[in-house]
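A quick write-up on the structure given underneath.
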Amino acid sequence: MSLPIHDQLLPYVTQLPERPAEAVTLVVIHCTELPDLATAREYGEKVLYDSGAGNSGHYYIDRDGATYRYVPGTRIAHHVRGLNAESIGIELVNSGRYPNWFDSRQQIMREPYTDAQITALRELLAMLREAFPNLRHIAGHEDLDTAMVPASDNASRQVSRKLDPGIQFPWDEVLEGSRLERLARR
1325 MSLPIHDQLL
1335 PYVTQLPERP
1345 AEAVTLVVIH
1355 CTELPDLATA
1365 REYGEKVLYD
1375 SGAGNSGHYY
1385 IDRDGATYRY
1395 VPGTRIAHHV
1405 RGLNAESIGI
1415 ELVNSGRYPN
1425 WFDSRQQIMR
1435 EPYTDAQITA
1445 LRELLAMLRE
1455 AFPNLRHIAG
1465 HEDLDTAMVP
1475 ASDNASRQVS
1485 RKLDPGIQFP
1495 WDEVLEGSRL
1505 ERLARR
């Protein structure tokens, strides 16, 4: 079965640098930590940099498995510190710690990922392996961005800046048959 991908390119996509398909070696799994896809789109469209671009993954997978491309894989999206040039970001719609991301009392991501999301993700990963010949690795955002920040409820406490995709993410199921190696936490 071929996964339908709905192109909904971000308004600033042509301002993102291009790269050859061979430059992509890594997929980074994120969750939106927002209530729904519409809110994730609003955040993705916000211009945050002098270049006129913002933060966004390449692909978004909604709870029903519908898959959207916001940025082509041959352009560099801003989704993970220090590894954007070599990676593709995949965002799964999930509330995560929303709306109190840095509250020290709310640091467990409880929402499970849907079967439809995981099925779509596995199909997308297979498609990406075909399209990007050097794609060999996969990591969670939490594995790559391990920075700590002051908690919003108590500045003397530190919390993780990124926890996605979190403890509910079924790594074994996603990795099975993917031919991708999970990178260890940095």
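Going by this note's numbering, the first residue of the sequence shown is number 1325, and it counts up by one from there. Even glycine gets a Cβ: it sits at the ideal position worked out from N, Cα and C. Note that this is a predicted model, so its numbers are computed, not measured.
Going by the beta-carbon positions, is the gap between residue i and residue j smaller than 9 Å?
i: E1466; j: S1419; result: no
i: R1460; j: E1505; result: yes
i: Q1321; j: D1496; result: Nothing can be reported for residue 1321: it is not among the residues displayed for the chain, which extend from 1325 to 1510.
i: D1477; j: S1428; result: yes
i: L1327; j: M1433; result: no
i: H1403; j: G1389; result: no
i: V1371; j: G1381; result: no
i: V1417; j: L1499; result: no
DSSP three-state call for residue i: helix, strand or coil?
i: V1352; result: strand
i: T1338; result: helix
i: R1365; result: helix
i: V1395; result: coil
i: E1346; result: helix
i: E1497; result: helix
i: E1505; result: strand
Quick one, which of the options has its alpha-carbon nearest residue i's?
i: A1471; options: G1464, V1483, D1477, R1460; result: V1483
i: A1455; options: P1328, T1338, A1345, P1335; result: A1345
i: D1331; options: R1393, C1355, G1368, R1343; result: R1393
i: L1449; options: Q1339, G1501, Q1431; result: G1501
i: E1410; options: L1333, L1350, S1480, D1388; result: L1350
i: Q1431; options: E1366, V1371, L1407, A1475; result: A1475
i: Y1383; options: E1415, G1368, K1370; result: E1415
i: V1348; options: E1369, R1453, P1436; result: R1453
i: E1342; options: Y1373, N1408, G1368, K1370; result: N1408
i: L1333; options: T1391, R1503, V1498; result: T1391
i: Y1435; options: S1480, P1494, T1443, V1395; result: A small correction: the amino acid at residue 1435 is Glu; Tyr does not occupy that position in the sequence shown. That would be P1494, whose Cα lies nearest to the Cα of E1435.
i: R1405; options: L1499, G1464, A1444; result: G1464
i: D1439; options: A1479, Q1492, S1480; result: Q1492
i: R1509; options: I1462, Y1367, A1444, G1368; result: I1462
Handout entry: Sequence ranges, alpha helix (DSSP H) only - wholly within the segment 1416-1479, length at least 4
Key = Annotation: the segment 1416-1479 contains the following complete segments of the alpha helix (DSSP H) (minimum length 4 residues), in chain order: 1439-1455, 1465-1468.
Handout entry: Three or more C-beta pairs below 8 Å linking the segment 1421-1434 and the segment 1399-1406
Key = No, the segment 1421-1434 does not touch the segment 1399-1406.
Exercise for the section: For the segment 1352-1372 and the segment 1487-1503, state whether three or more C-beta atom pairs, one from each stretch, are separated by less than 8 Å. Expected result: Put simply, the segment 1352-1372 touches the segment 1487-1503. At least three CB pairs are less than 8 Å apart.
Handout entry: Cβ contact check for the segment 1326-1340 and the segment 1370-1379: 3 or more pairs under 8 Å
Key = With a cut-off of 8 Å, the segment 1370-1379 and the segment 1326-1340 count as touching, because enough Cβ pairs lie within range.
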